[in-house]
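Chains as they are written, first to last, in our numbering: chain A, -7 to 67; chain B, 481 to 971.
All residues carry an ideal CB built from backbone N, CA and C; glycine is no exception.
All values derive from a computational prediction rather than experimental measurement.
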Amino acid sequence: MTTAQRGARCVALVAVLSLVFSPFLANRVTPYILGLPFLLAWIVASVLLTSIGVGLMYAADAHAAKGASPAGGRA
Amino acid sequence: MSAALAVLAVTFLLALALGLAARGRRTMTLQEWSVASRGFGGVFVFLLMAGEIYTTFTFLGGSGWAYGRGAPAFYILCYGTVAYAISYFLLPAIWRYATARRLLSQADLFASPYESRAVGILVGLVSVVALVPYLVLQLKGLGIIVSEASYGRVSATTAVWGSTGALILYVVVSGVRGSAWTAALKDGLILVVAVALGLYFPAHYDGGLHAMFSDIAARHPGFLTLPAHGQSAWWFSSTVALTALGFYMWPHSFSSTYTARDATVFKKNAIVLPLYQLVLLFVFFCGFAAIARVPGLTGSQADLSLLRLAKLTFEPWMVGVIGAAGLLTALVPGSMLLLSGATVIAQNVVRPMRPALSDHAVGIIARLFVPVIAVVAVLLALSDNAGIVNLLLIAYSLVTQLLPALLCGLARERWRWPTAAGAFCGIVAGELMVAWLTGVRASLSHLFPHAPPAVQDLNVGVVALAVNVIVLIGVSASTHRRLPLSKVGAA
């Protein structure tokens, strides 16, 4: 696994943990962010981060597969 | 009033026409009917997968929870997102295994790796038992939506029978293609309706989101955060984790997965679906906006908050549009449930008993079971039976119990472990635990009265899953015999 793939997986993992444990990290009403109570805003931000993390995984995996196949590696 | 009725009727006929037209000039083999001959590209797979996000539960229940419970409703937004992240790894693995072996149903994916008819039949039965209450919920929701949106002109009973008739017709004729085509109509409409309402209500009534939420926080302190006990942070985290694990264990999710042409589709979907799911945020806004305008809806009445607020605010034709969107949120998942239920019964319960049957015959049997399952669900939906509510609560826990055996089954290609007996006993033990825990209405606070509050608030499904895994490992260890090396190499 390349460094990029590992990094992308870390981002996705952080996002998922931040969702699962959101009430431990952000169980409060204030400050309001874009009109949303803090807990809800935290969850929305984590959802966005999940999408970004998965997107990075996709890009890194595609890149690694491209690099591996022409060389006939054992990817 | 008649404007609302007209909009509802047009949408209903449009959905039926689309569902029937989806067949085209294709010959309906069993593979074509159940999984569209595995020919769907990105858009249709996306629509089928997303179709399962916006069921009547999310439309009525999402706003109902926000209205009645507040912050605990946010869990709905979390578990789907976590499940999509998992799907990046899980769905391509499922797809690869299933496509190489031309599998048709969820139960096939258990019967095949364990090479066990018994495991297949067991999973088939579990999936049908879990799927019927889910279908009943959709039909009940549909009845409520149509009778509310038509201002009582169409009774819930008429709506349920009429829609089920349409469902049977287009599922039998077009199979999974009918679901995909109607899903396109549904997702388009629900997206526009949910976002529009979610933006309009807070702006119109409160002058913006911030004003609305501050007002709620001032009137109901603690409503926008999780409480210290009951639906606490511990409840939230354990429920999100457990529900995310069960998310893809529904029989109809497997049907959607099998329709894909290639595995990249799932990885791309995993990027977009979390964003798409944010539409639920607007559904929550509707529920929160209803708190001050239509107060006093308690218990299951809370699910009516969105429709009641809409009727208070809009002209009848607009209520008709909202009702039409709601109608479609019941039809699309309903059709997928019917299709996968009928496939499972024909393929995994009838076929193992009559192995001589041809694919053609199994296909006919599957289509014959469509009206059977549908009528059972209608009768349950109309008989106001409290037992169904219980059954519904446990349906999610029931399918979640399939996860350990599924993951081991996928890994079994390499490891030849655990054994079929282990998988079988693990599932049975998990399901019995679920049934028992639900039967005695146990929560962890009853089981462990002296445990710290953190443990007491955990979702009780955790216990069943733990028992399941322990039995799976224990039985596998005691029934496992080393295969001759030559056989391991061949496998």
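The distance from the Cβ of Val12 of chain A to that of Ala721 of chain B is about 6 Å, consistent with a contact at the 8 Å cut-off. Trp897 of chain B and Thr22 of chain A have their C-alpha atoms spaced approximately 51 Å apart. The beta-carbon of Gly47 of chain A is placed less than 8 Å from the nearest beta-carbon of chain B. Out of B:Ile953, B:Leu761, B:Phe768, B:Ser838, the CA that lies nearest to the CA of Gly560 of chain B is found in B:Leu761. A Cβ of chain A is located within less than 8 Å of the beta carbon of Ala697 of chain B. His732 of chain B sits buried, since 16 or more C-beta atoms from the chains shown fall within 10 Å of its C-beta. The C-beta of Ala721 of chain B comes closer than 8 Å to at least one C-beta of chain A. For Tyr685 of chain B, no alpha helix (DSSP H) segment is defined, and its DSSP state is neither H nor E. In this structure, DSSP gives Leu500 of chain B a helical state, which the three-state scheme calls helix. Taking Phe539 of chain B as the centre and dropping the five residues before and after it, the same chain places the C-beta of Gly806, Thr809 closer than 6 Å to its C-beta, in chain order. Its Cα nearest to that of Ser585 of chain B, the residue B:Trp730 stands out among B:Trp730, B:Leu758, B:Ala944. Taking C-beta atoms under 8 Å as the contact rule, Ser815 of chain B and Gly623 of chain B fail to qualify, at a distance of about 17 Å. Secondary structure at Leu28 of chain A: strand, using DSSP grouped into helix, strand and coil.
In the displayed model, Phe13 of chain A falls within coil according to three-state DSSP, outside both helix and strand. Taking 8 Å as the CB threshold, Val3 of chain A stays off the interface with chain B. Under the three-state reduction of DSSP, Phe849 of chain B is assigned to helix.
The DSSP-derived three-state label of Phe928 of chain B is coil. Put simply, the CB of Pro593 of chain B is far from chain A, with every gap to its CB atoms at 8 Å or more. The segment 42 to 51 of chain A and the segment -7 to 13 of chain A touch, with three or more beta-carbon pairs separated by less than 8 Å.
Here Val759 of chain B is buried, its C-beta having at least 16 other C-beta atoms within 10 Å. Pairing Val824 of chain B with Val612 of chain B gives a Cβ-Cβ distance that is not under 8 Å. Neighbours of Arg20 of chain A in chain B, taken as residues at a C-beta separation under 7 Å, are given in chain order as Thr705. The closest CA to that of Leu882 of chain B, considering only B:Phe727, B:Leu860, B:Arg892, B:Asp742, is found on B:Phe727. Beta-carbon to beta-carbon, Ser717 of chain B and Pro15 of chain A are separated by about 7 Å, close enough to satisfy the 8 Å threshold. If you check each beta-carbon in the segment 553 to 564 of chain B against every beta-carbon of chain A, the ones closer than 8 Å belong to Phe554, Leu557, Cys558, Thr561, Val562, Tyr564.
In chain order, Gly688, Leu689, His690, Phe693 make up the part of chain B whose C-beta sits under 7 Å from the C-beta of Gly27 of chain A. Contact annotation for Gln757 of chain B against chain A: Val39 [CB-CB distance below 8 Å, chain order]. Closer than 8 Å to the CB of Ser717 of chain B there is at least one CB belonging to chain A. Val6 of chain A does not reach chain B, its nearest Cβ partner there being about 11 Å away, counting only Cβ pairs nearer than 9 Å.
Using a Cβ-Cβ cut-off of 7 Å, Pro754 of chain B is close to Val39, Thr42, Ser43 of chain A, given in chain order. Ala546 of chain B and Thr918 of chain B have their C-alpha atoms some 25 Å from each other. In the DSSP assignment, Ile648 of chain B falls within the unbroken alpha helix (DSSP H) covering 636 to 654. Pairwise C-beta distances place the segment 874 to 894 of chain B in contact with the segment 585 to 595 of chain B, as three or more of them are shorter than 8 Å.
Residues of chain A with a Cβ closer than 7 Å to the Cβ of Tyr568 of chain B are, in chain order, Val46, Met49.
A contact between stretches requires three or more CB pairs, one per stretch, nearer than 8 Å, and the segment 700 to 712 of chain B fails this requirement with the segment 774 to 785 of chain B. Per DSSP, Gly803 of chain B is one residue of the alpha helix (DSSP H) stretching across 796 to 824.
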